[in-house]
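J.:
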Amino acid sequence: MTALSSADRDFLAAEGCRIAATLGDRSSAIIIGENFTVAALVAVAIARDEAGRRHVALGDLVGDLAPLYAIAGGEDAIGLSECFREGLPLNDIARPAPDMAALFILPSGAPPITTEEIYANERWPRLIGGFRQAGALMLLVARADAPGIDALVAAADGVIVAGGRDELIARFPILERVGPLPLPERSAVPRDSTPQRRLAVSLGLALIAGALAAGWFYRDDLAARFRGPVAVAAPPHLAPAPPGPTIPVRTDTVALVEPSTPADANLTAYFAVEVVAANTLPGANSVLRENAESAPLPAVTIAPVQLGGGSLWYKVVVGAWHDRAGAETLLVEWREKGIVQRNAGAVVRVPYALLLGDAVPQAQIAAEIDTWRGRGITAYALLQDDGSVRLFAGAFETAAQAAPLAASVRDAGVGAVLAFRTGRTF
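Numbering (my numbering), first residue to last: 1397 to 1822.
#1: Tell me whether VAL1557 sits in a helix, a strand or coil according to DSSP, three-state version.
#2: Check the C-beta distance from LEU1751 over to GLY1790 and give it rounded, since I have them as a contact under 8 Å.
#3: When you compare the CB positions of ALA1723 and VAL1743, do they come within less than 8 Å of one another, or not?
#4: Under DSSP, the alpha helix (DSSP H) around ALA1552 begins and ends at which residues?
#5: Going by C-alpha distance, which of SER1784, VAL1805, GLU1793 and PHE1500 is nearest ARG1522?
#6: For ALA1763, is the classification buried or exposed, using 16 other Cβ atoms within 10 angstroms of its Cβ as the cut-off for buried?
#7: Let's test the definition: count the other Cβ atoms within 10 Å of the Cβ of SER1402 and tell me whether it reaches 16, buried, or not, exposed.
#8: Relative to the C-alpha of PRO1503, which candidate in ARG1745, GLU1482, GLU1478 and ALA1516 has its C-alpha closest?
#9: Can you give me the Cβ contacts of GLY1544 inside the same chain, cut-off strictly under 6 Å, excluding the 5 residues immediately before and after it?
#10: My guess is that GLY1459 and ARG1491 are in contact by the Cβ rule of under 8 Å, so how many angstroms apart are they, rounded?
#11: Considering Cα atoms alone, identify which of TRP1730, ALA1417 and LEU1457 is closest to ALA1436.
#12: According to DSSP, is LEU1571 part of a helix, a strand, or is it coil?
#13: Cα-Cα, which of GLY1455, VAL1452, ASP1445 and ALA1795 is closest to ARG1745?
#14: Would THR1664 and TYR1710 be called neighbours here (beta carbons separated by less than 8 Å)?
#15: In three-state DSSP terms, what is ILE1501?
#16: Return the CA-CA distance between ILE1773 and ALA1552, expressed in angstroms with no decimal places.
#17: Just to confirm, is the Cβ distance from ALA1547 to GLY1429 under 8 Å?
#18: Taking just the CA atoms, how far does PHE1527 sit from GLY1554?
#19: Going by beta-carbon coordinates alone, are PRO1747 and ARG1817 separated by less than 8 Å?
#20: Does DSSP put ALA1812 in a helix, a strand or coil?
#21: Quick check on the DSSP output: what are the complete beta strand (DSSP E) runs of length 3 or more inside the region 1741 to 1781, in order along the chain?
#22: Measure the C-alpha to C-alpha separation of HIS1718 and GLU1518 and round it to an integer number of angstroms.
In structure tokens form, the structure reads like this:
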């Protein structure tokens, strides 16, 4: 691709502002694109726009993204690489933007950065969960072809596509797409032509509070940087921009009570393989049927999860293992056999599920699963250490994620009971 003109850069800045207006309360997004500079420029525009109302961290998971370092430096500084490889606290790498108190840059750090060790690191769900709880935003510019990208995307609310090959991005939950660059003869979109939005706002949400709840930020001591409201001056006589399109989803959920007994590491089936996340239930069922024709699907379920902006995604989750190795073995086997694409699928940590039945007679398992399937719920059975069988539905990273499925179970006339996934597949 030829060098970007000033008109191109203005257009990308305007696209970033447009996309920012559609994010709502989503707490994380992965920005991918064949041209990394284009992706970075869009990410910077989104970050600057969002930093007017909440705290934003913008990270480089590609390496040498000049538009990010133009904000706060850090090309040769320690970064995300050291955080994940050496366990450094995030506070050691976060670089504040001199002109925006709520915007922080997370450098890539020492290469290589595009590795599975970093992209698929188990810390990402906890880290992003902290941003979600604090009402902050995490933006990561990443490579669509990097090993571990599926796990990274699964931890986030979705992907913003800034161009690229369809075969690499079709499997991702797409939040927005950047429009094509204007032709040279077209007039550029002025940077400030996008309507101003989000007038006087003072949320007073401190990123450190949610980060502490998520676990990983516990020792990052970001209070000095992320504490306090984000103040925005309200320009007069400006109407807010119209809201972007939203996907209508059911909003009724069920208040769930955390299991009273703590998870037993020897009993809880923490790990599973997430095959795909579809934006419709028929889409998830279609993937389920296609994969069932290729290989047995042990303990398969569809887990509807409501993401930060309210969109409901239906995750096809397979298996129940006490350790990660079992799930990784199955995923590698499926990739080698072509059951899933080479970069598709991800090992996920999902200790929670809804308990549909306890001590179910083995002779009745198939009938029970069929009954629940008729109600639109994909149930599965796990054999317990004492020989009994428990019937579950869904597989979730957090208790809160189970709320949409709990509403469906309630509508079927059954009380929704949240439990730890225990047992093993038959």
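All C-beta atoms in this analysis are idealised placements derived from N, C-alpha and C, irrespective of residue type, glycine included.
T.: This is what the structure gives:
#1: Counting from one through the sequence shown, the residue named residue 1557 turns up at place 161. Here VAL1557 sits in strand by DSSP.
#2: Taking the sequence shown and counting its residues from 1, the one referred to as residue 1751 is at position 355. Taking the sequence shown and counting its residues from 1, the one referred to as residue 1790 is at position 394. At roughly 10 Å, the Cβ-Cβ gap does not stay under 8 Å, so LEU1751 and GLY1790 are not in contact.
#3: The count along the sequence shown starts at 1 and reaches residue 1723 at position 327. The count along the sequence shown starts at 1 and reaches residue 1743 at position 347. Yes.
#4: For this step, residue 1552 is matched to residue 156 along the sequence shown. Taken as a continuous stretch (DSSP letters only), ALA1552 belongs to no alpha helix (DSSP H), as it is neither H nor E.
#5: Here residue 1522 corresponds to residue number 126 of the sequence shown, with the count starting at 1. The shortest C-alpha separation from ARG1522 is found at GLU1793.
#6: In the sequence shown, counting from the first residue as 1, residue 1763 sits at position 367. Exposed, since its Cβ has fewer than 16 Cβ neighbours within 10 Å.
#7: Position 6 of the sequence shown, counted from the first residue, corresponds to residue 1402. Exposed: under 16 other Cβ atoms inside 10 Å.
#8: Mapped onto the sequence shown, residue 1503 falls at position 107. Of ARG1745, GLU1482, GLU1478 and ALA1516, the residue nearest in Cα terms is GLU1478.
#9: Walking along the sequence shown from the start, residue 1544 turns up at place 148. Excluding residues within five positions, the ones whose Cβ falls inside 6 Å are GLU1512, TYR1515 and ALA1516.
#10: The residue given as residue 1459 occupies position 63 in the sequence shown. The residue given as residue 1491 occupies position 95 in the sequence shown. Incorrect: roughly 16 Å between the Cβ atoms, too far for contact.
#11: Against the sequence shown, residue 1436 aligns to sequence position 40. Measuring from the Cα of ALA1436, the nearest candidate turns out to be LEU1457.
#12: Residue numbering aside, residue 1571 sits at position 175 when the sequence shown is read from its first letter. LEU1571 falls in the strand class under three-state DSSP.
#13: The residue you call residue 1745 lines up with position 349 of the sequence shown. That would be ALA1795, whose Cα lies nearest to the Cα of ARG1745.
#14: On the sequence shown, position 268 is the one that residue 1664 refers to. On the sequence shown, position 314 is the one that residue 1710 refers to. Cβ distance not < 8 Å, so THR1664 and TYR1710 don't count as in contact.
#15: Within the sequence shown, numbered from 1, the residue matching residue 1501 stands at position 105. Correct three-state label for ILE1501: strand.
#16: Here residue 1773 corresponds to residue number 377 of the sequence shown, with the count starting at 1. Here residue 1552 corresponds to residue number 156 of the sequence shown, with the count starting at 1. Rounded to whole angstroms, ILE1773 to ALA1552 spans 25 Å at the Cα level.
#17: For the purposes of this step, residue 1547 is taken as residue 151 along the sequence shown, with counting starting at 1. For the purposes of this step, residue 1429 is taken as residue 33 along the sequence shown, with counting starting at 1. The answer is no: Cβ separation not under 8 Å.
#18: Walking along the sequence shown from the start, residue 1554 turns up at place 158. Walking along the sequence shown from the start, residue 1527 turns up at place 131. Roughly 15 Å between the two C-alpha positions.
#19: Walking along the sequence shown from the start, residue 1747 turns up at place 351. Walking along the sequence shown from the start, residue 1817 turns up at place 421. Contact flag set, yes.
#20: Translated into the one-based positions of the sequence shown, residue 1812 becomes position 416. Three-state result, ALA1812: coil.
#21: 1742 to 1745, 1748 to 1753 and 1775 to 1779
#22: Position 322 of the sequence shown, counting from 1, holds the residue named residue 1718. Position 122 of the sequence shown, counting from 1, holds the residue named residue 1518. Using only the alpha carbons, I get a separation of about 15 Å.
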